[in-house]
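Q: Dropping the structure in here first, questions after.
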């Protein structure tokens with residue numbers, strides 16, 4: 120089991136694994152990092168060494184970079200596992216893609232779907248029937264009402280609130296603490312209460 124990424128998100132993933140009783144083999148660097156070890160675990164090199172490992176997780180906060188590295192990992196045949204903190208409360212009906220990271224204290228309710236390579240960060244709430252597209256990041260403490268759709272590679276910031284049935288487009292950034300009351304088209308950055316471009 121290899122963690123791809125030696126930055127902050129890599130350390131978060133390490134903690135989640137250790138809380139769940141899983142000891143990873145170590146890490147792989149993604150430029151610009153050139154670390155030799157992380158929290159006492161070895162760094163084996165960079166992603167050119169992916170083919171030497173059977174399974175792993177991409178642990179990068181940047182959505183676009185995480186998407187690129189995920190694609191490289193898939194192309195090498197790496198089995199991308201889901202990393203879920205044991206304190207998360209998840210309905211048995213939730214559907215997961217692969218390479219998903221679920222942080223401490225997350226709640227995901229019935230009928231939700233979480234796409235490949237997505238991060239649901241500490242304490243986020245994903246209500247019933249939400250759909251989170253691949254390569255997105257739901258920030259710590261964010262709350263998504265029932266039926267929310269989040270497009271690919273979108274970032275929902277720290278403690279943001281998305282009202283029920285809202286559609287968030289691809290590549291959207293919702294600022295920390297914002298309240299989204301209407302649909303957001305592709306590629307916009309919105310913030311505030313109510314959230315506006």
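In my numbering, the protein residues as written are 120 to 316.
Even for Gly, the Cβ is constructed at its ideal location relative to N, Cα and C.
The model shown is predicted, which means the values in this text are computed figures rather than measured ones.
1. So what does residue 315 bridge to, in DSSP terms?
2. With C-beta atoms as the reference, is residue 178 less than 7 Å away from residue 121?
3. Is it true that the CB of residue 247 sits closer than 7 Å to the CB of residue 265?
4. Of the residues 172, 241 and 275, which one's Cα is nearest the Cα of residue 200?
5. Taking just the CA atoms, how far does residue 160 sit from residue 144?
6. Look at the alpha carbon of residue 192 and the alpha carbon of residue 296, and state the distance between them as a whole number of angstroms.
7. With contact counted as at least three CB pairs below 8 Å, one residue from each stretch, are the segment 206-213 and the segment 224-232 in contact?
8. Are the beta-carbon atoms of residue 235 and residue 222 separated by less than 7 Å?
9. Got a sec: is the Cβ-Cβ distance from residue 296 to anything in chain D below 7 Å?
10. DSSP state of residue 135, grouped into three classes?
11. Output the distance between the C-alpha atoms of residue 263 and residue 237, rounded to the nearest integer angstrom.
A: For this structure:
1. 310
2. Contact: no.
3. yes
4. 172
5. 7 Å
6. 34 Å
7. Three or more pairs of CB atoms, one per stretch, sit closer than 8 Å, so the segment 206-213 contacts the segment 224-232.
8. no
9. The displayed structure is made up of one protein chain only, and chain D is not part of it.
10. helix
11. 15 Å
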